[in-house]
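Take a look at the structure below.
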């Protein structure tokens, strides 16, 4: 059996009072569509759920030249654990639970049981061993996929048998059948080069957060001898 799964773009952060402006609310677009075998696991599915936030680098540096001497790791390398919420069951990687990182599935499940359900939902753990065939889901119904602090709608859109025109090799699955184009962010100064850095809280710039290319960041924010033109440069 082949299961078609759609993962939507990350949801915008909610307001402090969790209110929703229904007049301007809209469903985010599909980020990636994946075909996965029912015999495969959620870990296999997660390996194909690409998010634009996975490619963000999260280190702060004092000068663009420092980037050449750093061992860069993007968010996908640092925050590689995930949690799925399907049919009221929280499924998370058992490695995700430790003395430092609590079992969020158990905490949320107990909270939901006390707040709304009257009893705790059954918590299913072990992301690497959970097969799609072991999960009860409704096609077309929205579920939750969360990695790091990023939340996505996850919808199982179709379940069907293998067609002769489908790839017949098991190694071909999961396979991405659609992925949204990730447009690069351009430099705010010249609007041509791709932005490599984000400058924060610089009084010489019109906005608190400004993406800049390497050349503009070096020339606009620093002197020829490498000193910051403003102490507030980050």
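In UniProt numbering, the protein residues as written are 1 to 234. We put the CB at the ideal spot given by N, CA and C, even for glycine.
- Under the three-state reduction of DSSP, residue 215 is assigned to helix.
- CA-to-CA, the gap between residue 89 and residue 144 works out to about 10 Å.
- The straight-line gap separating the alpha-carbon atoms of residue 129 and residue 37 is approximately 14 Å.
- Contact annotation: residue 49 and residue 7 have beta-carbon atoms nearer than 7 Å.
- In its chain, beyond the 5 residues on either side, 35, 36, 37, 38, 132, 156, 158 and 159 have a beta carbon closer than 8 Å to the beta carbon of residue 3.
- For the pair residue 211 and residue 185, the CB atoms are nearer than the 7 Å cut-off.
- When DSSP states are grouped into helix, strand and coil, residue 220 belongs to the helix group.
- Between residue 227 and residue 221, the C-beta spacing is not below 7 Å.
- The DSSP-derived three-state label of residue 228 is strand.
- Sorting 139, 176 and 195 by C-alpha distance to the C-alpha of residue 46 places 176 at the top.
- Here residue 85 is bridged, per DSSP, to 90 and 144.
- In the three-state DSSP reduction, residue 129 falls in the helix class (H, G or I).
- In this structure, DSSP gives residue 53 a helical state, which the three-state scheme calls helix.
- Using a Cβ distance threshold of 7 Å, residue 196 and residue 213 count as a contacting pair.
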